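Structure, as C-alpha cells:
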Amino acid sequence: MNRTATVKSPSVGFVSLGCPKALVDSERIITELKLRGYEIAPGYQAADLVVVNTCGFIDSAIDESLDAIGEALDQNGRVIVTGCLGANPQRILERHPKVLKVTGPHATAQVLEAVNEHLPQPHDPFIDLLPPQGIRLTPRHYAYLKISEGCNNKCSFCIIPALRGKLASRPLDEVLFEAEKLVASGVKELLVISQDTSAYGSDIRYQPVSWRGQQLESRFIDLARSLGSLGVWVRLHYVYPYPHVDAVIPLMAERVVLPYLDIPFQHGSPTVLKRMRRPAHAENTLQRIAAWRRDCPDLTLRSTFIVGFPGETEAEFEELLQWLDAAQLDRVGAFKYSPVAGATANDLADHVPAEVMESRYERFMEKAATISAARLARRVGSNCRVLIDRIEDGVAIARSEGDAPDIDGVVRIAKARGLRAGEFAEVKIEGADAYDLAARVVTN
Ligand code: SF4
Numbered sequence: 001m002n003r004t005a006t007v008k009s010p011s012v013g014f015v016s017l018g019c020p021k022a023l024v025d026s027e028r029i030i031t032e033l034k035l036r037g038y039e040i041a042p043g044y045q046a047a048d049l050v051v052v053n054t055c056g057f058i059d060s061a062i063d064e065s066l067d068a069i070g071e072a073l074d075q076n077g078r079v080i081v082t083g084c085l086g087a088n089p090q091r092i093l094e095r096h097p098k099v100l101k102v103t104g105p106h107a108t109a110q111v112l113e114a115v116n117e118h119l120p121q122p123h124d125p126f127i128d129l130l131p132p133q134g135i136r137l138t139p140r141h142y143a144y145l146k147i148s149e150g151c152n153n154k155c156s157f158c159i160i161p162a163l164r165g166k167l168a169s170r171p172l173d174e175v176l177f178e179a180e181k182l183v184a185s186g187v188k189e190l191l192v193i194s195q196d197t198s199a200y201g202s203d204i205r206y207q208p209v210s211w212r213g214q215q216l217e218s219r220f221i222d223l224a225r226s227l228g229s230l231g232v233w234v235r236l237h238y239v240y241p242y243p244h245v246d247a248v249i250p251l252m253a254e255r256v257v258l259p260y261l262d263i264p265f266q267h268g269s270p271t272v273l274k275r276m277r278r279p280a281h282a283e284n285t286l287q288r289i290a291a292w293r294r295d296c297p298d299l300t301l302r303s304t305f306i307v308g309f310p311g312e313t314e315a316e317f318e319e320l321l322q323w324l325d326a327a328q329l330d331r332v333g334a335f336k337y338s339p340v341a342g343a344t345a346n347d348l349a350d351h352v353p354a355e356v357m358e359s360r361y362e363r364f365m366e367k368a369a370t371i372s373a374a375r376l377a378r379r380v381g382s383n384c385r386v387l388i389d390r391i392e393d394g395v396a397i398a399r400s401e402g403d404a405p406d407i408d409g410v411v412r413i414a415k416a417r418g419l420r421a422g423e424f425a426e427v428k429i430e431g432a433d434a435y436d437l438a439a440r441v442v443t444n
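So the sequence shown is numbered by the working numbering: it starts at 1 and just counts up by one.
If you want it as C-alpha cells, here you go:
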C-alpha cells in the first residue's frame with residue numbers, strides 16, 4: 001500500500017512577517033509542525049488553517065500584520081495569530097474577532113497547542129519525514145542563529161522589551177549543538193541574532209557548559225570563538241559598543257569570525273542618544289571604532305540610525321552628520337522616526353515636523369551613500385572570497401565578508417559559468433558603485 005497516497009496530512013498555511021528574529025520563530029514553529037506530521041501548504045486555499053506570525057515594531061508593521069490577518073481570514077477563514085503584535089491581543093481581536101487564537105512572540109508551544117486544538121494532529125509515524133536540521137526559511141547555505149530572546153534595555157523608542165520580555169539567553173551548549181546541526185546540513189554562514197548580542201549570557205550568569213570536551217561559559221567571547229571553530233562564516237549582528245566587545249576584534253583579524261560588526265548606533269549626538277536611552281550611549285564610539293580599525297583594518301561596520309527623533313535640533317542633526325563623517329561606516333540604513341504605541345519617546349517634547357524629517361533623511365542618506373561609494377571604490381583591484389547566493393540570467397549574485405544577506409550590498413560576477421549557489425569563489429573586484437561591487441572569478 002502506498003501510505004502517502006492514502007493518509008492525508010492536515011495542512012497549515014504560514015505567513016511570516018517581521019525581522020530575522022521573527023523568522024527564526026517561524027522556522028521553529030514550522031519545524032515542530034512538520035515533526036508532528038503537518039504539511040505546510042503553499043497557499044491559503046490548500047491550507048486547513050493558517051498561522052500568521054506578526055510584527056508589532058512600528059505602526060506600518062502593525063498595519064501590515066493586521067492586513068495579513070484579514071487576508072488570511074478572507075481567503076481561508078481559520079487563522080491563528082502569533083508574534084510581536086500578539087502581545088497585544090486586544091488590538092487584533094478588535095479588528096478581527098474571528099481569529100481562533102492569539103499568542104505572543106516566542107510562543108512555539110502555545111501555537112502548537114492551538115493548532116492541535118483546531119486541527120488535531122495525525123498520529124502516523126510514516127509521515128514524520130523531518131530532516132535532522134529542521135525546516136528553515138532561508139536558502140540552504142546560510143541560517144540565522146538566535147542566541148537569546150528579549151532585552152534588558154529601555155530604549156525610549158522601542159517596545160520590544162514589553163513585547164518580548166527580559167533578556168533570556170540560551171545556554172551556549174544548546175546554541176552550539178544547533179549550530180553544529182546547521183553546519184552538518186550544509187550551512188556555510190551562520191548569522192548570529194538577538195536583541196542585544198553583546199549582553200549574551202548576562203542573565204544566566206554566564207552559565208558554564210561543556211562542549212566537545214571544553215569547559216566554556218555562556219558569554220559573548222566564548223560564543224564567538226566556539227562558533228568560529230565550526231569552519232563556516234560567522235557574522236555577528238546587533239552588537240553594542242561595550243568595552244568587552246573589543247575582545248572579539250582579534251578573532252576577526254584572525255578570521256575566526258567574519259570581520260563584520262552590525263551595531264545599531266541610532267545616532268551620533270550624545271544628547272539625542274541620552275534621550276533615546278541607548279545602551280552604551282556614554283561610550284566614546286569614535287575612539288572605539290578607530291581602535292577596532294587599527295587592530296582589524298578590513299573590518300566592515302554596518303549600522304542603522306533614526307533621523308528626526310523627538311527634540312532633534314538642527315545642531316544635533318549636524319552632529320550626527322559630522323559623527324558619520326568621522327566614523328566612515330561601510331553600510332548604513334536609516335529610519336525616519338515614527339511613534340510606536342506604548343513607547344515612552346512619544347511623550348517627549350518637540351516632535352520634528354514631517355518635512356524637516358524628510359529633508360534630514362535625504363541629507364543623511366546622501367552622505368551615507370557618498371561614504372559607502374568611497375569605501376567600496378577602495379576595494380577595486382583587490383581579491384576576496386565570496387559566497388554565491390544565486391545565479392540570475394548568467395550573473396552570479398554573491399556576497400563578500402562585508403555583506404550580510406538582504407541588508408547589505410552584493411558582488412555581481414558577470415561570467416558565472418561553473419559557479420553554483422551556496423559555494424564559495426575567489427574573485428577580483430573590478431568595479432564599484434554606491435552599494436554593490438562587480439567582480440570576476442580569479443583563475444589559478
Ligand atoms: S536594545 Fe533598545 S532598541 Fe534594541 S530591543 Fe532592546 S530596548 Fe529595543
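Virtual Cβ for every residue (Gly too), placed ideally from N, Cα, C.
Owing to the predicted nature of the structure, the values given are computational and were not obtained by experimental measurement.
In this structure, does DSSP put residue i in helix, strand or coil?
i	result
PHE157	coil
PRO208	strand
PHE265	coil
LEU419	coil
ARG140	coil
ARG225	helix
THR313	coil
THR103	coil
ARG360	helix
ARG379	coil
ASP124	Bear in mind that the predicted position of ASP124 carries a pLDDT of just 40, short of 50, making it unreliable; the figure below should be weighed with that in mind. Coil.
ILE62	helix
VAL410	coil
GLN215	strand
LEU301	strand
PRO131	Low per-residue confidence applies at PRO131: pLDDT is 49, beneath 50, and the placement is therefore not dependable, though the value from the model is reported in the following sentence. Looking at PRO131 - three-state DSSP - the assignment turns out to be coil, as it is neither helix nor strand.
SER338	coil
LYS21	helix
ALA343	coil
ARG95	helix
ALA184	helix
LEU73	helix
ASP389	strand
ARG294	helix
LEU167	coil
SER194	coil
ALA349	coil
Would the C-beta of residue i count as close to ligand 1, meaning under 6 Å from any of its heavy atoms?
i	result
PRO161	yes
CYS84	no
CYS19	no
GLN287	no
ASP330	no
ASN153	yes
GLN214	no
ASP196	yes
CYS158	yes
Compare the Cα-Cα distances from residue i to each of the options and report the closest residue.
i	options	result
ARG302	PRO259, GLY342 and ASP63	PRO259
GLN110	ASN53, GLY150, SER185 and GLU64	ASN53
LYS21	SER65, GLU180 and TYR238	TYR238
GLY333	GLY409, GLY311 and ARG417	GLY409
HIS267	PRO208, LEU251, TRP233 and LYS336	LYS336
GLU469	ALA199, SER148, SER210 and LEU227	Since the first and last residues shown for the chain are 1 and 444, residue 469 lies out of range.
ARG164	ASP433, VAL175, PRO171 and ASN152	ASN152
GLU426	GLY418, ASP433 and ALA432	GLY418
ASP436	GLN75, VAL209 and ILE413	ILE413
GLU430	THR370, GLU362, GLU366 and GLY381	GLY381
ALA369	LEU324, GLU355 and ASN346	LEU324
GLU312	HIS281, LEU66 and ALA349	ALA349
ARG360	PHE317, LEU251, ILE407 and VAL395	PHE317
ALA432	LEU387, ALA374, GLU392 and VAL386	ALA374
GLU283	GLU366, THR271 and THR300	THR271
GLY402	ASP262, ASP389 and PHE424	ASP262
GLY422	CYS19, THR138 and LYS274	THR138
GLY56	PRO339, LYS274, ASP406 and ARG399	PRO339
SER9	ASP67, LEU17, ALA404 and ASP48	ASP48
ILE306	GLU358, VAL257, ASP196 and ARG255	GLU358
For residue i, list the residues DSSP reports as bridge partners.
i	result
TRP233	GLU189
ILE429	ALA439
GLY83	THR54
CYS384	VAL427
VAL12	ILE40 and LEU49
ILE29	Answer is none; ILE29 lacks a bridge partner.
Given 8 Å, three or more beta-carbon pairs between the stretch 185-192 and the stretch 152-159 = By the Cβ criterion, the stretch 185-192 is not in contact with the stretch 152-159, since fewer than three pairs of Cβ atoms, one from each stretch, lie closer than 8 Å.
Flag this pair as touching only if the stretch 240-252 and the stretch 275-292 have three or more C-beta atom pairs under 8 Å; answer yes or no.
-> In this structure the stretch 240-252 touches the stretch 275-292; the number of beta carbon pairs closer than 8 Å is three or more.
Taking 8 Å as the threshold, find out whether the stretch 80-93 comes into contact with the stretch 138-148 through three or more Cβ pairs.
-> Touching, no, given that fewer than three Cβ pairs across the two stretches are closer than 8 Å.
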